[in-house]
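Asker: Here the protein sequences come in this chain order: B, S and A.
Using this note's numbering, you'd call the opening residue of the first sequence number 1 and step up by one each time.
Using this note's numbering, you'd call the opening residue of the second sequence number 581 and step up by one each time.
Using this note's numbering, you'd call the opening residue of the third sequence number 1042 and step up by one each time.
Dropping the structure in here first, questions after.
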Amino acid sequence: MEKKPKKIGVYICHCGGNISDYVDVEKVRQAVEGDEIVFLSKTTMFACSDANQRDMVDDIKANGLDGVVVASCSPKLHLTTFRNVSERADLNKYTYVHANIREQASWAHSDNKMGATEKAIHLVKAAIAKSHYAEALETNKIKAVKAVAVIGAGVAGIKAAISLAEKNTEVVLIERESEMGGRVAQWGPLFSTQETGREMIDRLSSQLKQHKNINLLTNSEVVENKGSVGNIALKIRRKDPETGAEVMTEITVGSVLMATGFDYYTPQQAEFGYGTSDKVITLPEFKKMIDSQTGAKLTHNGREVKNIAYIYCVGSRQTEGENTYCSRNCCTSTIHAAVTARQKFSHIQNYHFNRGLRTYGKQEILYADSLRQGDIYFQSYEDGLPVVSVEGKKTIVKVNDILTNNREIELEADLVVLVTGMVPRADNSVGSLFKLPKGRDKFYNEVHMKLRPVETVIDGITIAGACQGPKNIAESVNSALSAATKSYSIISKGEVESQPLVATIDPAKCSWCGACEEACPFDAILKVDKDGKTIAEINNTVCKGCGMCAPVCEPDAVDLIACSSAEIMSMIDALVTPNP
Amino acid sequence: MKEKNIQDNANSVPLQGLGVNFPLGVRGGSPIKNITYDALVIGAGIAGGEAALNLANTGYKVLVVEKDLSVGGKMIMLSKVFPTLDCSACITTPKVSEISRHPNITIFTESEVNNIHRVSEVEFVATVRRRPRYVHVEDCTSCQLCEKACPVSVTDEYQYGLIGRKAAFIPFSICSPKAAAIDIENCTLCGACEKVCPTNCIDFTMQPEEMTLHVHTVIVATGFNMFDPKKMPRYGFGEYKNVITALQMERELAPTRPFNTILRPGDGKMPDKIAYVLCVGSRDASVGNPICSQICCMYSIKQAQLLMGALPMADVTIYYINIRSFGKGFEEFYQQAKGMGVNFVKGKIGRIKAKENGNLILRYEDINEGRLRESEHDMVVLANGVLPNDEVNNIFGKEKLKLDQFNFVGQTDMLASPARTSMEGVFVAGTATGPMDIPDSILSAGAASAEAISYLIQKTV
Amino acid sequence: MNKLFSGTGSTDRLILPLPEYPLSHIFFFKSENMGNIQTNSAKILVFSTEKISDPAIDMAGLLKLHYPPTVYSISIPCSSGIKPSWILYAYEKGFDGVFIAADGSDCVYGESCTEKTGNLVGKTHELMKSKNIDPARLRMAAICSVCSESFVKQMRTFNEYLLKTAPNQTPNP
């Protein structure tokens, strides 16, 4: 890596105030304007705005700049934005260098404005130091397989598969169970439609079967994942349901769409009487019960059920447990089940022990209906949750109801329904296979909730439905179709760009010892004879640029492009040199 | 460039050398006829923009029609977004920028679509009317000299009436296209702007244009309206200056904010006891809107957190019926606000009265204590709800789009295909179907574009 | 009198009062409360990873979880690609401590990352001993993509340790 004479532009973003409220951006600009390669330096209100992007293009072209540094937010948000700006100004996008002075300076040190400013100066100087070495790199185009693997054939997976198939894409739909349909197939009447869950799934599966380019693999699990975006090789283990024999299938796809769904929360022993009273069941159990019973009276364990107590937020919005999140659809789901039950078994009375109802949007109408029908609602805060106790044969629910001035309410319930929320799948084997990161709630995490809501940090892997967080059917379908669009856009052009940030070997220093070959997890190191000397060579199309080969090389012959020793050391220099 | 005809442009989008997709203000331009786009997206807010980008990135030619002077919709005007507190402009402007320069996208701002009608199985004809902006966008450098020269001051609708603007004006600082416009309603035709304009881009001879266009598929992303709190006189909006709407507060908090601080409009005092009134015009059958607006709890909690940051000494109280923090990270965000010291009071506000000093007395039922109470605040923010945008009705010709019982665009297969409407080939995205937050709007736009792409692949060659 | 510009640097925005608006109330400038630079924080170089620990460090900022501003991170693809020579160079140039925000078992490049990162830390510790550098000035912890709090805690305790022990701790300018 050589340090070359350069002429770059530096842009320091106010981010409307997100940066400039804590970092003196003008001071940062002044601190770097004297650098030998900085030809121009500017501050800007919003570096990412259209107007500024256009200014940057003009600046680059008018002044013949050969590199740009933008100091703004995290590169996760706008690295691509500014690489594209460089490209529009006919610069190679890898000449662009980013400095993160928002998440890692202004926000992290909003308690210390001078400290934040000093740090921002150092970070921008380090970026400029890196810019010295940033070279034009050619991207390799890799042929992308025009096929997508959809994992999980619940409603999200089915809809994604159909949508992809309609776009003339080969789909492999992989389902662990013996049938598709997931959770929805087990549900009876659905809110806001005349269909049952089963009927909806049947309708969708008959649509699915019309598409010859969908290959449905049931009783199947992905057990191995190799390759990268465009060429992902999966090994699938398929169990024959009759003989129990296992068959391994190998497929290659361009993208993988994860739609692995959720688990229901299982209450702890004795949590709201679960396991201690036989009258306490969970919401999914209750839904099955009302769907399956046909008599005039609702019964449980042979006894007639009149009073039903619904206890909300079991396993969600926990103040002590790990599940601090709201499970989003259980309020509506419970009220819908209660209304359905009452319509079917007119003698029952519903009592809802809730923590503030969240029937958002049009679902509010359902809540109004249930009130009209005579359902009774009691509310408490997190510090006054209902108590379920067993007294002889009776199961009693007690709460201090805040809607009636904290009056103590006591109800003898024939049935207590625990409204259990959605939790991430306990079996995360397929997630770990793809190294999918999880959020604070342990569901799979998207790159950015608004900018890239169905993509993951793993290139080529999209996520859909409730594996990303609690969702109702329509929301799951929206996310499934979005993910299908994204997966489709990855592969539809027939090729993907491989990133050129790979390892390099200095043939002068290398005298083949094999340490790098051993360290490489991707078999990207080749043993070659060159000019009468055996040395290592990098297979650029296989190398993923992790750098594992670099530290193990005794003669220090390996460097990673964009993370070479020279670059890292020059950044260290910039970070320690005191600001004037 | 001025002589360049729109027709060329529609074929070879965008205007060469300009790099932007706003082929407007053509001098002597002729109306376009018989130009076919693959998709027409109505509305250039976040949902319309996202849908257009998805289609364009797949290789389809997209026409985006926006009635406003700028693309970006309501989102571009917001301060920060919940629950991540990312700045809204940082998310919107790059998308806007991408839409504006995408080679497959053509945008008509200050334009309206009407009389969309089906002419064959896979073809609609739409009439697009473009109002004159009286400024040639491609020549405007947004130098603001016209703004300074213009003698007419009027209320600035882009700042929701908090401040004034001129009749020759740039809509707002991060608008796109970034170009001036003449507000002809208020203009006195004094010619001052024309005289100072260094590029001679102001042109009072511009005429309305009407274009007839052919499209294969339509995505309706017409967004929502906010409930007008003047319809609830007991809250005193319009009568008491220190009662403002949430969008006005949004502007006071935004990075491009008008005052550089938070102040109450009545006298410019910095408020230190601020009240939020939730469910204004939502969950209220008496004003004709029985449904929940889905976003007001969260935007109020967000504003409360931002206010605590901007005015560390201020008290912020949120009067609510139920707090609906249901989305990913929302409940944690609500708990965070409680932890910061935002007061949450369960109670519906009955009436607001002003005192002589501009402070406001809120009369409410305190649910926890079960009695009527009064409290004094020096500023009140009304968290007004989401209403359907009834302009959807004007867009279609004989065959109308079916609406649901709340007058949002009807979803004929709401659970299995949420983007489908009563018309084949017409899809719906974002808040046109009902209240939703930004992530949900973006996902809904993803679904609409997925359906539109499938439709184009299946139905057209 | 109308040529008023707003203060936050939205320099291109011309602000006009409403006709009836009292002008004197248009502008307020919050008194800027400049915090004092902490002279007592150690210089820490963090090697973070693009896909795993960087998001955690970014989220620490987003959540305004504060840590010393003399913590700087250099982002690399994977923690098992750090050369011991870089770490030694950092001490030589004046960093008090080096922290490896490792991928741990979440590494997108495979499970071997944990072991390999461990190996390079072991190797660096040996080199540090031979150069008489306190091995405790190099720390490593797995920082998952949402481990913001754990990152901040690590930075605070490491900072305290370094302030107490680092021999060449020099006050910041």
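All residues carry an ideal CB built from backbone N, CA and C; glycine is no exception.
How would you label Met1181 of chain A, buried or exposed, when you count the other beta carbons within 10 angstroms and need 16 or more for buried?
Answerer: With 16 or more other Cβ atoms within 10 Å, it is buried.
Asker: Going by beta carbon distance, what residues of the same chain come within less than 6 angstroms of Glu175 of chain B, once the five residues before and after it are set aside?
Answerer: The residues are Ala153 and Thr218.
Asker: Does the beta-carbon distance from Pro851 of chain S to Leu742 of chain S come in below 8 angstroms?
Answerer: The answer is no: Cβ separation not under 8 angstroms.
Asker: Whole alpha helix (DSSP H) runs in the stretch 718 to 782 of chain S with 4 or more residues, listed along the chain?
Answerer: Listed in chain order, the complete alpha helix (DSSP H) runs (minimum 4 residues) inside the stretch 718 to 782 of chain S are 725 to 729 and 772 to 776.
Asker: So is Phe839 of chain S in contact with chain B if we call contact Cβ pairs under 8 angstroms?
Answerer: Not an interface residue.
Asker: Compare the C-beta of Met248 of chain B against all C-beta atoms of chain A and say whether one is closer than 8 angstroms.
Answerer: No, no contact with chain A.
Asker: For Glu912 of chain S and Thr324 of chain B, which I take to be in contact (beta-carbon distance under 8 angstroms), what is that distance rounded to the nearest angstrom?
Answerer: Rounded, the Cβ-Cβ distance is 6 angstroms, consistent with contact.
Asker: Per DSSP, Glu250 of chain B forms a beta bridge with which residues?
Answerer: Note: Glu250 of chain B sits in a beta bridge opposite B:Lys235.
Asker: Along chain B, in chain order, which residues have C-beta atoms closer than 7 angstroms to that of Phe1192 of chain A?
Answerer: Those within 7 angstroms of Phe1192 of chain A in chain B number zero; the least Cβ separation is about 10 angstroms.
Asker: With DSSP as the reference, label Gly67 of chain B as helix, strand or coil.
Answerer: If DSSP states are grouped into helix, strand and coil, Gly67 of chain B belongs with the strands.
Asker: Since Phe804 of chain S and Val621 of chain S should fall inside the 8 angstroms C-beta cutoff, what is the C-beta to C-beta distance between them, to a whole number of angstroms?
Answerer: Not quite, the Cβ-Cβ distance comes to about 16 angstroms (not below 8 angstroms), so this is no contact.
Asker: In chain order, which continuous runs of the beta strand (DSSP E) of length 3 or greater are located wholly inside the stretch 256 to 324 of chain B?
Answerer: Counting only runs of 3 or more, we get 262 to 264, 280 to 282 and 307 to 314.
Asker: Using a Cβ-Cβ cutoff of less than 7 angstroms, which residues in the same chain neighbour Ser733 of chain S once the five nearest sequence positions on both sides are dropped?
Answerer: Gly744 and Lys746, listed in sequence order.
Asker: Verify whether the separation of the beta carbon atoms of Ile581 of chain B and Leu123 of chain B is less than 8 angstroms.
Answerer: The shown model of chain B, from 1 to 580, leaves out residue 581 of chain B, and the question about it has no answer.
Asker: Quick one, are the C-beta atoms of Met56 of chain B and Val97 of chain B less than 8 angstroms apart?
Answerer: In this structure, Val97 of chain B does not lie closer than 8 angstroms to Met56 of chain B by Cβ.
Asker: Identify whether Asn354 of chain B lies in helix, strand or coil by the three-state DSSP scheme.
Answerer: Strand, per DSSP.
Asker: Please state the DSSP three-state secondary structure of Lys146 of chain B.
Answerer: In this structure, Lys146 of chain B counts as coil in the three-state DSSP scheme.
Asker: Interface residues of chain B around Ala1097 of chain A at Cβ under 8 angstroms?
Answerer: Those within 8 angstroms of Ala1097 of chain A in chain B number zero; the least Cβ separation is about 10 angstroms.
Asker: Taking DSSP as the reference, what is the three-state secondary structure of Thr607 of chain B?
Answerer: Any answer about residue 607 of chain B is impossible in this case: the structure gives chain B only from 1 up to 580.
Asker: For His1166 of chain A, name the three-state secondary structure that DSSP assigns.
Answerer: In this structure, His1166 of chain A counts as helix in the three-state DSSP scheme.
Asker: Any heavy atom of the ligand NAD inside 7 angstroms of the beta-carbon of Leu793 of chain S?
Answerer: Absent from the structure shown: the ligand NAD. Ligands present: none.
Asker: In the structure shown, what three-state DSSP assignment does Pro578 of chain B receive?
Answerer: Coil at Pro578 of chain B, not helix or strand.
Asker: Quick one: is Val612 of chain B near chain A, going by C-beta distance under 8 angstroms?
Answerer: There is no way to answer for residue 612 of chain B, as the model of chain B reaches only from 1 to 580.
Asker: Report the option in S:Gly889, S:Ser659 and S:Phe906 whose CA atom is closest to the CA atom of Ala826 of chain S.
Answerer: The candidate whose alpha carbon is nearest that of Ala826 of chain S is S:Ser659.
Asker: Within 10 Å of its beta-carbon, does Ile1067 of chain A have 16 or more other beta-carbons around it, so buried, or fewer, so exposed?
Answerer: The pLDDT assigned to Ile1067 of chain A is 32, lower than 50, so where the model puts this residue is not dependable; a value taken from the coordinates is nonetheless given after this. Buried, because 16 or more other Cβ atoms sit within 10 Å of the Cβ of Ile1067 of chain A.
Asker: Give me the chain B residues within the contact set of Met994 of chain S, using Cβ-Cβ distance strictly less than 7 angstroms, ordered along the chain.
Answerer: Under the 7 angstroms cutoff, chain B gives Ser192, Thr193 and Ala474.
Asker: For Leu204 of chain B, go through chain S and note every residue whose CB falls closer than 9 angstroms to its CB, in chain order.
Answerer: Neighbours of Leu204 of chain B on chain S, chain order: Ala996.
Asker: State the Cα-Cα distance for the pair Ala126 of chain B and Thr462 of chain B, rounded to the nearest angstrom.
Answerer: Looking at the two C-alpha atoms, the distance is approximately 34 angstroms.
Asker: Would you list, in sequence order, the uninterrupted beta strand (DSSP E) runs of no fewer than 3 residues that lie entirely inside the stretch 160 to 200 of chain B?
Answerer: You should have 170 to 174.
Asker: Any beta-carbon of chain B closer than 8 angstroms to the one on Lys1205 of chain A?
Answerer: No - not a single Cβ of chain B is within 8 angstroms of the one on Lys1205 of chain A.
Asker: May I have the straight-line CA-CA distance separating Met1100 of chain A from Pro968 of chain S, to the nearest angstrom?
Answerer: Their Cα atoms are separated by approximately 36 angstroms.
Asker: Just to confirm before moving on: does the CB-CB distance between Lys167 of chain B and Ser1034 of chain S stay below 8 angstroms?
Answerer: Yes; because the gap between Cβ atoms is below 8 angstroms, this pair is in contact.
Asker: At 3 residues or longer, what runs of the beta strand (DSSP E) sit wholly inside the stretch 354 to 388 of chain B?
Answerer: If we require 3 residues or more, the beta strand (DSSP E) runs fully inside the stretch 354 to 388 of chain B come out as 376 to 379.
Asker: So for Asn213 of chain B, helix, strand or coil by DSSP?
Answerer: In this structure, Asn213 of chain B counts as coil in the three-state DSSP scheme.
Asker: Which value, in whole angstroms, describes the spacing of the CA atoms of Ser880 of chain S and Asn987 of chain S?
Answerer: If I take the Cα positions, the gap works out to 25 angstroms.
Asker: Measuring only between beta-carbons, confirm whether Met569 of chain B sits less than 8 angstroms from chain A.
Answerer: Interface residue, yes.
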